[in-house]
Structure formats: structure tokens, C-alpha cells
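Protein chains in written order, with this note's numbering: chain A, 769 to 1238; chain B, 769 to 1238.
Glycine residues also receive a C-beta, built at the ideal position from the N, C-alpha and C atoms.
These notes concern the structure reproduced below.
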């Protein structure tokens, strides 16, 4: 199948412009479903979000179904849909689950009551948990498909859709599901919409991702909470043990200290580093939105390099003893931390989990025990530069935004990219329209109306551009 | 006034034995009042506990009142009561407030529904928050006074009583209250019942106490919670900053690293250390009740020495990032820790607070700020060996328990001991009947029925013994 005539694409783009208010309405309906995958109390809401997508895809003429997953908890269902058509076959991936909303009190409106607000700069943004990550981004693709169907009755390429519900909770069902259904899900290329633009004006395709290895560490000492006066000094303090361990994970240069941690890690070529430095010349400008000024990580790398192509270690949560108002002179029995390592291509999550646990065990003093709980792991990823689909997609993005699209790295983990390669042998093109200030995972998460609308138009163009890839 | 005849004391002791069930009933009534001083929601309960004591003291013929305190929050009232009589004038101190009850789920029965249970060893114990610390202990003294009044219509010495409601929350109203009411509260000696026996069989008077300096540390970095993938490595992580700081507070020998921390700290004389080692020859036996085996603190000192006469640093609470079920890839904006330093005589809480805060500030990296919240401070304390009241009290205890009473240190802070010396110029005799396994400040706090009953009998003897101190 060859690319449709330019006039055919123009008609679709015009329809997207005319239908934009309805598109926002559909997204708001979806955002009202509190599909928090990591909290068991929201399991039914996750199913409701899956069912919402199944119905919407069916309304677009897809053969659409939800599928149970059986390999591990929490077991939120997959949504699988197939459209008709010939030629290039794309498999679109997204996720319908969202992050928890704490701290609730920092939300200006309830997290699941979406608001369309105008920010200080006069930009219209959609505010809700999941507005950007990933419900808003997924809907840019579905709205593009809807426009093609409503204008021409068909899509320029053959489209299959796979939506999961465990992306935000380190779920481990996606890979076995892909493997068990490889024949059904096999396509020519995978399209993922879960990433950001280079900046407000510059579209990009993310060609490398950091993976992640996450572990929970529980340190236990006394058999019960003790009085810190009666026992203080003589009784092992699990909070102190935990802090002593966590303080050894990085050295004074910001490098992770685990043996072999950097084995296989490659530094990007000079051309790539030069391009990134041209796009992001100023660390403090890049960190300003976060209220920060200095790249705090590995010395010798810019903020963009530290997040796009260098592995790291973060403490994501810590808890122990008395955390309430006032003061309690307790010497607690246990303390807990949630730790994650961001990984780049070449690093092995399983080996790094072993190295981390061995490091912690080696530092345990007498009377302290440790229990580990794994929270998922995925390797880093990079698109093979040879992918025939990369250039047409970059060009289509450039046409929509009026500036050349760039290839980028991404600090976040999108396990699917590595897993579709492992299970289906396919490259994933990560095309996203999020912005650095979308506050994903934070209170008042937002998605620009421009991201949503021009993102939809971008997908309409990309679908056309991929039609004649040989 | 001279000591009453032995027969007079015997009659009182017999009455205590006969009335013991009623005494337990009165204590249970008191234990049902959830007077948690550090939680604002329980302010009314603290007042209710104060009022309960005012009424009980009035029923013993004391001129009894509750007094507002005005110097600082939370402002729980004092209970002041004066009995009639001549000669030796004792001021008894205790506190009616209790610790929080978290974690609730570890209590076998609700914390404020007192239970009389028989433990595995066949010992009868009273289980409830405050059973030992300090409601049960205070009632041993009041029941002794009740017995003297009911048998003889008067007490062998002149007794005043002062009960406060901010001992468990680092309150700062006691000292100014003592100073403002010094003329009214002046006596010959202060009696305090808030300490433990040397062991099950051996009574003791605590002649030295550790003080405490408590501070809350809040580290803030980003202006809001960040996605740890997008920002991990480049953004300062306040949990990591906090752990790095807390890990530097003690060295590998368990010594506190703050400059000048040990200035003025004296090691007990060899005789005292020998007596303690005879009483507690085995660290592991001493720590067994806590489920521990090794003295984890300052090298070169036994577990008893580490807690009774050596200063220390404890982390009492820590909190930051995502602490719930599952995993959240958040790079949080802030992290908090509650830290306390146990102090011995010779150390200055104010100087140590300054040294601690300077130490934390010196370790702060770029993009991190710190906020400190003080939670009270009191110096260590020791009874001047010359106190004329010490020997008679030790002898009275020996008579009741059938073994010589010993002088002890105590790892806990009882600010009143230092404050009555400062405000009233009086020594405090700390006579207590708690046991190491009372689980004070922990779930299932308990007080032995033997501690309660023989403690009451002990006070009846001490009141008689102090009558003829010149």
C-alpha cells in the first residue's frame, strides 16, 4: 500500500481540528477512572479503564477484547485490538494505569476530576492524574485513527493496539503475554506514545531509554519497638543501619559504587553529545522547572547526559520509627527503603540486583537482618539506527511542528521497548508529546492542549508516512 | 516529727494487702483515659486525666487543684496538691500523659482497655498504655498515702504532689511553672516514681539520668515531587542527602562525631562499674528481652554502661518519598528525620543542638535546604551523694524486698530531676518499680502486679523512714 494523496491527509487534519472539543471530552471521560495499578483497592478501576478502551476501539471498527494475565500479581488485564488493512502493520502500545496521587493535599483539584485550565503563560493545559502519563498520550493516537476512519472509512496502514495496566507498578505480565501471543501481535514496527518532546517547539523520537531495577529493603533489629532512653546506644537501630547502607551506594563523584555496575556502559558518540548540548546548553535552565540549579549526579556529564545516557541510583522512599506530629522517643524495630537503579543499554538488571543485595548484606551489623522485595527490572533500550521507519516518522513530525525532529534519549523506563524486541523481534519508535513540566507522577499532573491536539495531528501524518515504507 | 512505731507501719502494710483489688480497680479507671500528650486530638483526654488526679487527691484530704500553663504549646495543665503535716516535707512528682499507641495492630487488646493477664512465666501483669509509664508508678505512691490516711488519718511526713502532662512530648512548661511557683512548691526533697528496679528482685534508687536533646530535620530539594526516571541522577535527592548526613553522626566505634560532644563527660568510678558488672554480667542476657544479643553502641563499654552513663545519638523516625504498598518511581521534594541525643551530666543540650545543626548545614549539597524543629532538651542529672534522704530510702526498700537496694543510672530522660534542682534547689530521689520488659513506649506496655503492690508497700515504708531525717 502506498501513501495516501496529500489531499487525503489534509482532510483528516481538518477533521481533527474541527473535532478537537469532542476529543477533549472523550479524554476527560477516561481521566475520571482512578486506575492506580499499584494499589489493590483500585483493581476494579483498572478493569474499568481497560473496558473503556475496549469499547472505544470497538467503536473505531477494531476487533477489540480484554485479556486476562496469569503470570503474576496484580494481574490487570491487557487490551488487544486489531484493525483491518494491508501493507505496513504497526502495533501501537500504551498503558491505561496511572501512578498513586499522594500527597493528595497538594492537588488544586481532585486528581480524577480533570480540569482545563490556562496557566500563567496563557497556555491551556489539562490537569489530572494520567493526563500526560499515559492516557492523554494514548488518546492522541486513537483520535488520529478515529479521524482517518471518519473521513476515509479506513486507515492508511494496518493497525493493532496493545494497552497494558501494569506499567506504573513494575508488573511482570507483559513479557510472558507478548511471548504467548507473539504470532497474533507480530507486526512490522511498534509505535509507543509515552515519551516527551525535546522542548515546547521541537518534536523528537526517543531512540534510547533507561531501564530500571527496583528493590525494597527492610531492615529489622529488635523484636519490638524500644524506648530510646532505656536502650539507646546499646540496641542496634535499624534506621541508622539503613542510612549507613544507603549512604554507601554513591561516591563523592556521584558514581554508583556497586562492583561491575558500569560494565558494558557506553558513552554516546561526540556527534550525539554535541547535538544534545546545542539543544540543552544550560543545566540550570533545564532544572529550573524542578526548582533546582545544578546537575547533582555523575561528575563530567551534563544534566541531559546524566538522565538520558548515564545509569544512576535513587532512593524513592524511606520509612521508620515515629513519623507523626511531635516527638516519640522510640528506638524502632524496623526501617524500610525503596531503592531503584536506572540502567542503560549494556547493563543487566539481574546482575545488578544481585550486586545490590550482596552489598547490603555485607554491611549488615550484628543483630540486624534484611529482607528484600523485588519491584521489577528491565534493561535499557536503544533503537537500531537502521530502522526503516525512523526517518519517515521524523519527517512527518517535522512537517507538523515546522522544525526538524530530533532523536533523543529518555531517563525513564519503558519496559515494553526492550520486551517487544525480545518477544517479537521488533523495534519500537517512541513518539511522544509530553513536556518536562507535565509533572507526571506528581500532584497536578498536566498535558498541554497543544500537545494533545498537535500530537493527534502528528500521528495522522505518521500513519500516512509509514504506509509506503518497504 | 519522728518515725511512727513499727506497729503503725505494719498496720498500713496490712491495709495495703487487704485493699489491693480496689487499688487495681482505681488504676484501671485511670488507664482508660487516652491522655496522649503529643497528639492535639487528645488534649481533652489529657485534661480529663489531670482532673481525675485532682479529684483522687482531694479524696485523700489534699488541697488539690489543676493549674493552667501558659509558656508553650501544648499547654496541658499541672496538678498540684498539698497535704497537712509537720516535719519532713516531700514533693512527689509524676506525669499523667502517655506515649502514642502506634502501631495499633500489634496490641493484643486496645491500648486503653486495661487487661490483667498472666504471662508465660505465671506472673500477673497489667497491660495498657501508661500501665508502667507513668500512671501505674504514680498510683503506687498515691495508694501508699491512701493507706496511711485510712489507717491513721494522717501521713508520717508532709506531702505535696505535682503531676504534669507534657513529659512524653518534650514539653517546655515545667521549668517556668516550677520557677513561678517555687515558694509554694519548695520542700525538703523531691520524690519521683518514673524509673525501673535493677532487676525483678533487686530494688534500686536511680541517682543518675541521661538528658536528651531532640531535633527534627527537614531536607528539601526540588519544588515538587519528580519522576525518578526523568530526573534521576541530575536532581538532588533529599532522602539521599538525609541518609548521607545521618550516616556521619557516629563513627565505626559507635562514638558520636560532633565536635566537643564528649566535653565534660565523666566515666563512673571503678567501684560503681564493678557493682554494675556484678548485677549485669552478661550483655546478651540484658538485651535478650529486646530480641538482641550484642551491645551495639560505644566500644569499650557494657550494655548497661552504654545506656546508664554514656551519651548517644539515635534516629527516632525517618520519612520520605513513597512509603506505601508497591513501588512509585518518585524522586521526592523532601525528607524528614527525628533525631535525639541522650546526654549525661557535664554535657550542655544547647551547645550540642548548635553543634548538631552546624554539622548538618556543613554537609548540605547545592540545591538542598534544611529546616530544624526543636523537640525539647534537658541536661543529664545525678543526685549529690550527700543527700540525707538517700540512705533511709535505700534501707526502706531493702526491708520490703529482702535484698539490699542499689544505686543505679538510667538511660531515659526525666527532665524534672534537673529542673527541680534548678528551680527549687532540691535533690530528687528516683524510686521506681518498673521492669526492663515493661515495653514502655511500645505495644502491649505492661506493669507487674508485684511492682504495683510491693511498690505501694515500699512507698509506705519510705514515708515512714523519711519522717525522722534531720
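Sorted by chain position, which residues of the same chain lie with C-beta nearer than 6 Å to residue i's C-beta, five sequence neighbours on each side aside?
i	result
residue 902 of chain B	862, 863 and 962
residue 1223 of chain A	908 and 1201
residue 1088 of chain B	1007, 1100 and 1103
residue 896 of chain A	799 and 882
residue 1173 of chain B	971, 972, 1162, 1165 and 1166
residue 1182 of chain B	962 and 977
residue 780 of chain A	915, 916, 919 and 1228
residue 1118 of chain B	none
residue 1052 of chain B	1061
Measuring straight from C-alpha to C-alpha, what distance separates residue i and residue j?
i	j	result
residue 1075 of chain B	residue 1176 of chain B	11 Å
residue 1098 of chain B	residue 1108 of chain B	29 Å
residue 975 of chain A	residue 1165 of chain A	15 Å
residue 947 of chain A	residue 923 of chain A	27 Å
residue 959 of chain B	residue 1149 of chain B	14 Å
residue 965 of chain B	residue 1068 of chain B	25 Å
residue 918 of chain B	residue 1180 of chain B	35 Å
residue 1125 of chain A	residue 1140 of chain A	8 Å
residue 1028 of chain A	residue 1006 of chain A	28 Å
residue 771 of chain B	residue 1103 of chain B	59 Å
residue 860 of chain A	residue 930 of chain A	6 Å
residue 913 of chain A	residue 795 of chain A	15 Å
residue 1218 of chain A	residue 1091 of chain B	35 Å
residue 952 of chain A	residue 945 of chain A	11 Å
residue 1000 of chain B	residue 1019 of chain A	16 Å
residue 1041 of chain B	residue 1071 of chain B	12 Å
residue 1146 of chain A	residue 1187 of chain A	8 Å
residue 1127 of chain B	residue 995 of chain B	30 Å
residue 837 of chain A	residue 942 of chain A	8 Å
residue 955 of chain A	residue 928 of chain A	8 Å
residue 986 of chain A	residue 1011 of chain B	15 Å
residue 1062 of chain A	residue 997 of chain B	17 Å
residue 790 of chain A	residue 904 of chain A	14 Å
residue 1237 of chain A	residue 875 of chain A	45 Å
residue 1178 of chain A	residue 1160 of chain A	21 Å
Label residue i either buried or exposed according to how many other C-beta atoms from any shown protein chain fall within 10 Å of its C-beta, with 16 as the threshold for buried.
i	result
residue 1137 of chain B	exposed
residue 1025 of chain B	exposed
residue 808 of chain B	exposed
residue 1085 of chain A	buried
residue 839 of chain B	exposed
residue 782 of chain B	exposed
residue 1240 of chain A	Chain A is shown from 769 up to 1238; residue 1240 of chain A falls before or after that span and cannot be answered.
residue 1037 of chain B	exposed
residue 1094 of chain B	buried
residue 1225 of chain B	buried
Assuming residue i and residue j make a contact with CB atoms under 8 Å, what is their CB distance in whole Å?
i	j	result
residue 799 of chain A	residue 898 of chain A	6 Å
residue 1206 of chain B	residue 803 of chain B	Wrong, their Cβ atoms sit about 18 Å apart, outside the cutoff.
residue 1157 of chain B	residue 957 of chain B	5 Å
residue 1105 of chain B	residue 1017 of chain B	About 10 Å separates the two Cβ atoms, so there is no contact after all.
residue 738 of chain B	residue 926 of chain B	Not covered by the structure: residue 738 of chain B. The range shown for chain B is 769 to 1238.
residue 1096 of chain A	residue 869 of chain B	That pair is no contact at about 10 Å.
residue 1004 of chain B	residue 842 of chain B	Contact doesn't hold; Cβ gap of about 35 Å is too wide.
residue 827 of chain A	residue 849 of chain A	Contact flag wrong, Cβ pair sits at about 11 Å.
With a threshold of 7 Å between beta carbons, is residue i in contact with chain D?
i	result
residue 1135 of chain B	Protein chains A and B are contained in the structure displayed, whereas chain D is not.
Looking only at its chain, what residues have a beta carbon closer than 7 Å to the beta carbon of residue i, apart from the 5 residues adjacent to it on each side?
i	result
residue 871 of chain B	1211
residue 950 of chain A	1191 and 1192
Shorter than 6 Å, the distance from the beta carbon of residue i to the closest heavy atom of the ligand NAP, or not?
i	result
residue 1063 of chain A	Annotation note on the ligand NAP: not contained in the displayed structure, which lists no ligands.
Using a Cβ-Cβ cutoff of less than 8 Å, which residues in the same chain neighbour residue i once the five nearest sequence positions on both sides are dropped?
i	result
residue 1066 of chain A	1021, 1022, 1023, 1074, 1078 and 1080
residue 792 of chain A	884, 894, 1217 and 1220
residue 810 of chain A	802, 803 and 804
residue 1057 of chain A	1204 and 1205
Worksheet entry | Sufficient close CB pairs (3 or more, under 8 Å) joining the region 770–786 of chain A to the region 886–902 of chain A | Between the region 770–786 of chain A and the region 886–902 of chain A there are fewer than three C-beta pairs closer than 8 Å, too few to call the two in contact.
Worksheet item: Would you call the region 1107–1121 of chain B and the region 977–989 of chain B in contact, with 3 or more CB pairs under 8 Å?
Response: yes
Discussion item. Using a Cβ distance threshold of 8 Å, determine whether the region 859–879 of chain B contacts the region 804–820 of chain B, with at least three qualifying pairs required.
Written reply: yes
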